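**Student:** There's a structure below that I have some questions on.
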Amino acid sequence: MLNHRLAALLVLITCVILPMLFYWLTSPGITWVRPYIIWGMVIFATWLWQRRRGTL
Amino acid sequence: MNTALPAALAIFAILFFAVAALSQWRRIPCSLWEHPAIFALSYLGASGVIFFFGAIEMVGRYGVSGLIGLAAFTGLFIFSPLFLDPMRWISRNHAFATLPDLLVYRFRSPLVTRTCCALLAVASLPIAAAQLKIVTTLLPAGDGLWLMALITAISAAFILLYGKPSKVVTSVPGITSVATLLTLAALSGCGFLAVSAVFGGVAELNAWSQSSGQAQVILRFETAYALILLFFPTAFILPQQGFIQNLSNWWPRSTSPGWIVPLVMLLATLPVFPILWAGLELTLDAPLQHYVLVLPQVLGAPWLHLLSLVAMLFIVTGLLCVTAIALGKVIVIAFLINADKPFCNTDLDRWIERRRLVAALLWLALALAYAAVNGSSSVTDLTITGMIGMIQLLPGIIATLYVPRINYKGFLAGLAVGSSLWLYGTLTPNFFNTAPPHLFGMTLALGPENWPFWLLESLVANLLVALLVSLFTDMSKEEKQYAFQCMVDNLPTPQRQSLEISSVEDIQARLASWVGAPAAAREISAALGTLSIGVDDHRPLALRMLRDQLNYQLSAKLGTVATEKIMNKVMPFGAGAVVDDISLLESQLASEGSALSGLAAELNKLRLYHKQTLENLPVGVCSIDSDGEIMLWNLTLAKYTGVPAAVAEGGNISDIPEPWGTILARFCADPAISWPAHEVDHPSQGASWYHMSKYRVDESSPVYSGYQIVLLEDVTERLKLVRELGHAERLTSVGRLAAGVAHEIGNPVTGISCLAQDMIAESQEEETRKNAGIILNLTERISLIVRTLMDFSRSDSQESLRSIAIKEAVDSAIQLLELDKGAKAVEFRTLIAQDVVVQGDLNQLTQVFVNLLSNARDASQNGDPIDVTCEYPDPRHVAIHISDRGSGIPQEILGRVMDPFFTTKYPGQGTGLGLSLVYSIMRFHRGTVTITSPAQHGRGTRVTLLFDARKSTVGPDNSDTGLQAEK
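Protein chains in written order, with our numbering: chain W, 1 to 56; chain G, 1001 to 1967.
Okay, here's the thing in structure tokens:
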């Protein structure tokens, strides 16, 4: 059985969040650190999520 | 650069083998190896130079897309529940040695293993070449071959020294984690140098990126999706990554935190932009992947240059070693293991080990040859070329986890089409100059430059062909079954079929004929140890579990296909029908249930609830299948029978220790659906009565037909209660009758007695006075009976109860009995302390002891002792025992001795009301009477009076019937 919540999250990320992020990434300013900020936030979210699941 | 290279090579070689040797050092604590950070470092250390030194080239070419691609490589850990966890779960459950092994398990065709193995071996060549090429370009053109050969030789030496299965567990994590640490240090140092020495600070770097336009140049996303598509799945498909994942089976804690691998990758790529821009600012004359080496040299940091060189050599050699070892395993399983040819004349482990080493070394030689003839020197091009080849296995993995409809024909057809496009579009153009094809008027560029097109084309064609061929071809029943078993969240339902073999010794003997006696002994011993099963355990379930465990152990060495064939010959199944193995399914759910999610997890919760309910029912429950094998044995039944569930479940019903084995087997075979009160005679606990009933699952039922569910209820107490109530009712009736009779008889008898006394006093005739005396004696006897009846039926009030010493009542009774000089000369021994006090009526209790001691005396021989003792069975009660050494009470009348008017004495010697009276009085005192006969050594009787020791509780209690008779 598919983990529906995670699949829905993946769809949300692909269709909504990624385009928004691309827009933010391409806006003027200091651009090179932005991918790292997003990447760090994803890692932090994973840490939080896995801690809640008890896999830490 | 040329001067630093020999020193770097020397330092690298010494450090590399020192780390490998130290990793084997047994004194390094296990907790260090099991730490999740070691897994993360090791995982990335085996992934190759593209993720570290090649990252500069990736970002230089594709901008932020390159960074996204590198991040996607670790995305597998972030979204681990979707792909990684199910793959790990399936791999661990079945001990799949490699990815092809998983696919052959799913698609049930040996051709799948060989095709996948060949694809992995060929697609790994460009990736290996990328590692060798990055070092080669350090030297002038034409001088690089010796360096490639040297690195290959060092890799080969490591494989020969530390590539054995027993050593690889620690040596590979050792070198790969050190490789990552060194590389992180080199990249961080280089990044710091770039920011501080070239730009003068972070603010200046930012200002430079704006002014030079690089801040906008890097914002390129045209290849982002293609890079995500390529890097995300290859994290599991790459043989070296799969190998590290497999090693993680030895590291139970290592794979749980999915955030460490992405974090290490983030740290590794953080200095990428500063290094790239510093190189551009300084207009370095070197390939982008060499910026980390050249920048420190240009900026006058020779130690950092040396560190970067050593780190690069570590990463390069790490990938070559791990890939060669991983592919050696795959090649041996796919091409060299022949399950039809027994290994009995060889040492199996040694045989496999040697061939794996030879296969690994051959692949290394092939990689060296590929690197030597390949024209491209770009790390990115070579790695991406290899990855596109490997990603052709992605449809197979998706089918395994999510699409059970795809069959092996579809998978192989799709793989053939996708691989052909990959070979034509990206691999062969490195060697041959082929004219670009034209399609719909477009010219399709060949080679790695056009890789996004060939990636999408090959993958889409692969998937479409797989789907179409699967739709139009049939799947075998076996393939369907395994396809559903491999699905995400779908626990494989273990199948149960009776085995032809019935002992561990036989299994070992048969296994020895296939894998040799030493290997068979090793495997059986390991399996028994893992399962905690004894050699003498012949339970069908135990043997089935042993079969599965042996299957698991051998799969890791021989692969799924060969192991299945061998196990089918060693432990063949009988002719019986295949049914779901509930016991194994239950144990699997118990151990793996926490890994379930979604609806499966909810259903598992429901299962736990029902199981708990069944286990704790106050009724014994067991489930027996059509072969007589016990599937369920709940706690209550374990308590009734004294046989724990661990012993009973999985065994045959007739193997249960007596008397239960026979009883349950007879009951299951009996057409009757219930036995109302079946007596079970325990050797230790005495007789008990059980209400047995059963439900037979209908033969037409599609699920578990022929199963019987047997329920057992202990009705011993209930039966005793019913008997007590009957007895009490009889006593009540007799009491009422007695009161009426006593009243009616009492008055005439008093008149007769008076007249008889008058006759004695007034008559002069001797004969008359003598007859009157007889009449008087008889009336006195009638009066005694009437008085006894009155006593029996009397309802005393609580006012007569007070604290009395039991000893006082006993002593009074003994004094009264000793007045009868004609009775037997027995010895009354009172062993009761003066302070044993109960609430009661002294006269009534004296009457109780008179009756009981009188009975004991009648049953004893002259000179026998009669003991009156006392004990406290618990703080709330006091027990008085009257024990004689007489002949005892026959078992057939033991249950009736308390009935009114029941006596074994001759007419005129007893009324049959003595024990009934004792019972009645004890009931009034809230006490119980228990008669045990024979008391000891087959003789004697012991009457136990149990009083409530609490002073406040007195008075009749209808709920306590008070009568017990024991054998």
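Every residue, glycine too, gets a C-beta built ideally from N, C-alpha and C. Please read all numbers here as calculations on a predicted model, not as lab measurements.
Quick one: is Leu1276 (chain G) near chain W, going by C-beta distance under 7 Å?
**Tutor:** Stepping through the second sequence from its first residue, residue 1276 (chain G) is reached at position 276. Leu1276 (chain G) does not count as touching chain W.
**Student:** Taking the CB atoms as reference points, tell me whether Ala1020 (chain G) and Ser1171 (chain G) lie closer together than 7 Å.
**Tutor:** As a first step, residue 1020 (chain G) must be located in the second sequence, where it is residue number 20. As a first step, residue 1171 (chain G) must be located in the second sequence, where it is residue number 171. For Ala1020 (chain G) and Ser1171 (chain G), yes; Cβs fall inside 7 Å.
**Student:** What would DSSP say about Arg1607 (chain G), mapped onto helix, strand or coil?
**Tutor:** Translated into the one-based positions of the second sequence, residue 1607 (chain G) becomes position 607. In this structure, Arg1607 (chain G) counts as helix in the three-state DSSP scheme.
**Student:** Let's test the definition: count the other Cβ atoms within 10 Å of the Cβ of Arg1539 (chain G) and tell me whether it reaches 16, buried, or not, exposed.
**Tutor:** Counting from one through the second sequence, the residue named residue 1539 (chain G) turns up at place 539. Buried: at least 16 other Cβ atoms inside 10 Å.
**Student:** Threshold first: 4 residues or longer. Then list the alpha helix (DSSP H) segments lying entirely within the segment 1296–1344 of chain G, N to C.
**Tutor:** 1302–1331
**Student:** Leaving out five residues before and five after Gln1497 (chain G) in sequence, what residues of the same chain have Cβ atoms less than 7 Å from its Cβ?
**Tutor:** Taking the second sequence and counting its residues from 1, one reaches residue 1497 (chain G) at position 497. Contacts found: Phe1573, Gly1574, Gly1576, Val1578.
**Student:** Excluding the five sequence neighbours on either side, which residues of its own chain have a C-beta within less than 6 Å of the C-beta of Asn1843 (chain G), listed in chain order?
**Tutor:** Walking along the second sequence from the start, residue 1843 (chain G) turns up at place 843. Contacts found: none.
**Student:** What residues from chain G crowd round Trp47 (chain W), counting only those whose CB sits closer than 7 Å?
**Tutor:** For the purposes of this step, residue 47 (chain W) is identified with residue 47 of the first sequence, where counting begins at 1. Listed by position along chain G, the residues whose Cβ is nearer than 7 Å to that of Trp47 (chain W) are Trp1259.
**Student:** Give me the Cβ distance between Glu1892 (chain G) and Ile1866 (chain G), rounded to the nearest whole Å; I'm assuming they're in contact under 8 Å.
**Tutor:** Residue numbering aside, residue 1892 (chain G) sits at position 892 when the second sequence is read from its first letter. Residue numbering aside, residue 1866 (chain G) sits at position 866 when the second sequence is read from its first letter. No, Glu1892 (chain G) and Ile1866 (chain G) are not in contact; Cβ-Cβ is about 25 Å, not under 8 Å.
**Student:** List the DSSP bridge partners of Lys1905 (chain G).
**Tutor:** The residue labelled residue 1905 (chain G) in the question sits at position 905 within the second sequence. According to DSSP, which records beta bridges pairwise, Lys1905 (chain G) is partnered with nothing at all.
**Student:** Does the separation of the CB atoms of Cys1622 (chain G) and Leu1614 (chain G) fall below 7 Å?
**Tutor:** Here residue 1622 (chain G) refers to the residue found at position 622 when the second sequence is read from its first residue. Here residue 1614 (chain G) refers to the residue found at position 614 when the second sequence is read from its first residue. In this structure, Leu1614 (chain G) does not lie closer than 7 Å to Cys1622 (chain G) by Cβ.
**Student:** Under the rule that 16 or more other beta-carbon atoms within 10 Å means buried, what is Met1692 (chain G), buried or exposed?
**Tutor:** Along the second sequence, read from residue 1 onward, the residue named residue 1692 (chain G) stands at position 692. So Met1692 (chain G) counts as buried.
**Student:** Buried or exposed: which applies to Pro1006 (chain G), given that a residue is buried once 16 or more other Cβ atoms fall within 10 Å of its Cβ?
**Tutor:** Counting from 1 along the second sequence, the entry for residue 1006 (chain G) is found at position 6. Pro1006 (chain G) is exposed by the Cβ-count criterion.
**Student:** For the candidate residues G:Glu1449, G:Ser1458, G:Tyr1225, G:Leu1444, whose alpha-carbon lies nearest to that of Pro1395 (chain G)?
**Tutor:** As a first step, residue 1395 (chain G) is located in the second sequence; it is residue number 395 there, counting from the start. Per the Cα distances, G:Ser1458.
**Student:** Return the residue from the list G:Met1390, G:Glu1658, G:Asp1681 that minimises the CA-CA distance to Trp1689 (chain G).
**Tutor:** Numbered from its first residue, the second sequence carries residue 1689 (chain G) at position 689. Of the listed residues, the one whose Cα sits closest to Trp1689 (chain G) is G:Asp1681.
**Student:** Return the CA-CA distance between Gly1955 (chain G) and Ile1921 (chain G), expressed in angstroms with no decimal places.
**Tutor:** Locating residue 1955 (chain G) in the second sequence gives position 955, counting from the first residue. Locating residue 1921 (chain G) in the second sequence gives position 921, counting from the first residue. The predicted model places Gly1955 (chain G) with a pLDDT of 38, which falls under 50 and marks its position as unreliable, so this point remains unresolved.
**Student:** DSSP three-state call for Thr1944 (chain G): helix, strand or coil?
**Tutor:** Counted from its first residue, the second sequence places residue 1944 (chain G) at position 944. If DSSP states are grouped into helix, strand and coil, Thr1944 (chain G) belongs with the strands.
**Student:** Are the C-beta atoms of Ile24 (chain W) and some chain G residue less than 7 Å apart?
**Tutor:** Taking the first residue of the first sequence as position 1, residue 24 (chain W) is located at position 24. Residue identity differs from the one stated: residue 24 (chain W) is Trp in this sequence, not Ile. Output row for Trp24 (chain W): interface = no.
**Student:** Between the Cα of Ala1372 (chain G) and the Cα atoms of G:Val1810, G:Ala1194, G:Gly1189, G:Lys1133, which residue gives the shortest distance?
**Tutor:** Stepping through the second sequence from its first residue, residue 1372 (chain G) is reached at position 372. When each option's Cα is compared against that of Ala1372 (chain G), the closest is G:Lys1133.
**Student:** Excluding the 5 residues flanking Leu1102 (chain G) on each side, which residues of the same chain have their C-beta closer than 7 Å to its C-beta?
**Tutor:** By one-based count along the second sequence, residue 1102 (chain G) stands at place 102. The beta carbon of Leu1102 (chain G) is closer than 7 Å to those of Ile1090, Ser1091, Phe1096, Thr1400 in its chain, skipping five residues each way along the sequence.
**Student:** Between which two residues does the alpha helix (DSSP H) carrying His1678 (chain G) extend?
**Tutor:** Here residue 1678 (chain G) is taken as the residue at index 678 of the second sequence, counted from 1. Where His1678 (chain G) is concerned, there is no enclosing alpha helix (DSSP H), although the beta strand (DSSP E) it sits in stretches over 1674–1682.
**Student:** Identify which residue in G:Ile1709, G:Glu1222, G:Leu1603, G:Leu1550 has its Cα closest to the Cα of Arg1522 (chain G).
**Tutor:** Locating residue 1522 (chain G) in the second sequence gives position 522, where the first residue counts as 1. Of the candidates G:Ile1709, G:Glu1222, G:Leu1603, G:Leu1550, the one whose C-alpha sits nearest the C-alpha of Arg1522 (chain G) is G:Leu1550.
**Student:** Could you pull the DSSP bridge partners for Ala1879 (chain G) from this structure?
**Tutor:** Position 879 of the second sequence, counted from the first residue, corresponds to residue 1879 (chain G). G:Glu1871, G:Leu1946, per the DSSP bridge assignment.
**Student:** Give the single residue among G:Leu1119, G:Leu1784, G:Thr1380 whose Cα lies nearest to the Cα of Leu1412 (chain G).
**Tutor:** Locating residue 1412 (chain G) in the second sequence gives position 412, where the first residue counts as 1. Of G:Leu1119, G:Leu1784, G:Thr1380, the residue nearest in Cα terms is G:Leu1119.
**Student:** Out of G:Thr1428, G:Leu1320, G:Asp1655, G:Thr1346, which one is the CA nearest neighbour of Ala1179 (chain G)?
**Tutor:** Within the second sequence, residue 1179 (chain G) is the residue found at index 179, counting from 1. Selected option, being the one with the closest Cα: G:Leu1320.
**Student:** Using a Cβ cut-off of 7 Å (strictly closer), state whether Phe1273 (chain G) contacts chain W.
**Tutor:** Sequence index remark: in the second sequence, residue 1273 (chain G) carries index 273 (1-based). Yes, its Cβ sits closer than 7 Å to a Cβ of chain W.
**Student:** From the DSSP output, read off the bridge partner residues of Arg1829 (chain G).
**Tutor:** Within the second sequence, the letter at position 829 stands for residue 1829 (chain G). G:Asp1867.
**Student:** Below 9 Å on C-beta distance, what does Leu10 (chain W) contact in chain G?
**Tutor:** As a position in the first sequence, residue 10 (chain W) is number 10, starting the count at 1. Residues of chain G passing the Cβ test: Phe1079, Leu1082.
**Student:** Can the beta-carbon of Ile1218 (chain G) be found less than 7 Å from the beta-carbon of Gly1063 (chain G)?
**Tutor:** Indexing the second sequence from 1 puts residue 1218 (chain G) at position 218. Indexing the second sequence from 1 puts residue 1063 (chain G) at position 63. Closer than 7 Å, so yes.
**Student:** Check whether the Cβ of Ile30 (chain W) lies closer than 7 Å to any Cβ atom in chain G.
**Tutor:** Start at 1 with the first residue of the first sequence, and residue 30 (chain W) comes out as number 30. Taking Cβ atoms only, chain G reaches closer than 7 Å to Ile30 (chain W), which makes this a yes.
**Student:** Taking CB distances under 7 Å as the criterion, tell me whether Leu1963 (chain G) reaches chain W.
**Tutor:** Position 963 of the second sequence, counted from the first residue, corresponds to residue 1963 (chain G). Because the pLDDT of Leu1963 (chain G) is 46, which lies under 50, any placement of that residue in the model is unreliable, and the number read from its coordinates should be weighed accordingly. Leu1963 (chain G) does not count as touching chain W.
**Student:** Evaluate contact between the segment 1933–1946 of chain G and the segment 1880–1888 of chain G, counting only Cβ atoms and requiring at least three cross-stretch pairs below 8 Å.
**Tutor:** yes
**Student:** For Ser1470 (chain G), is the classification buried or exposed, using 16 other Cβ atoms within 10 angstroms of its Cβ as the cut-off for buried?
**Tutor:** For the purposes of this step, residue 1470 (chain G) is identified with residue 470 of the second sequence, where counting begins at 1. So Ser1470 (chain G) counts as buried.
**Student:** In chain order, what residues of the same chain have a beta carbon less than 7 Å from the beta carbon of Tyr1640 (chain G), not counting five sequence neighbours either side?
**Tutor:** For this step, residue 1640 (chain G) is matched to residue 640 along the second sequence. Once the five neighbours on either side are set aside, the close Cβ partners of Tyr1640 (chain G) are Gly1620, Leu1712, Asp1714.
**Student:** If we ignore side chains and look at the alpha-carbon of each, how far apart do Phe1192 (chain G) and Val1292 (chain G) end up?
**Tutor:** Residue mapping note: residue 1192 (chain G) aligns to position 192 of the second sequence, counting from 1. Residue mapping note: residue 1292 (chain G) aligns to position 292 of the second sequence, counting from 1. If you draw a straight line from the Cα of Phe1192 (chain G) to the Cα of Val1292 (chain G), it is about 11 Å long.
**Student:** Who does Leu1712 (chain G) pair with in a DSSP beta bridge?
**Tutor:** Here residue 1712 (chain G) is taken as the residue at index 712 of the second sequence, counted from 1. According to DSSP, Leu1712 (chain G) bridges with G:Gly1620, G:Met1692.
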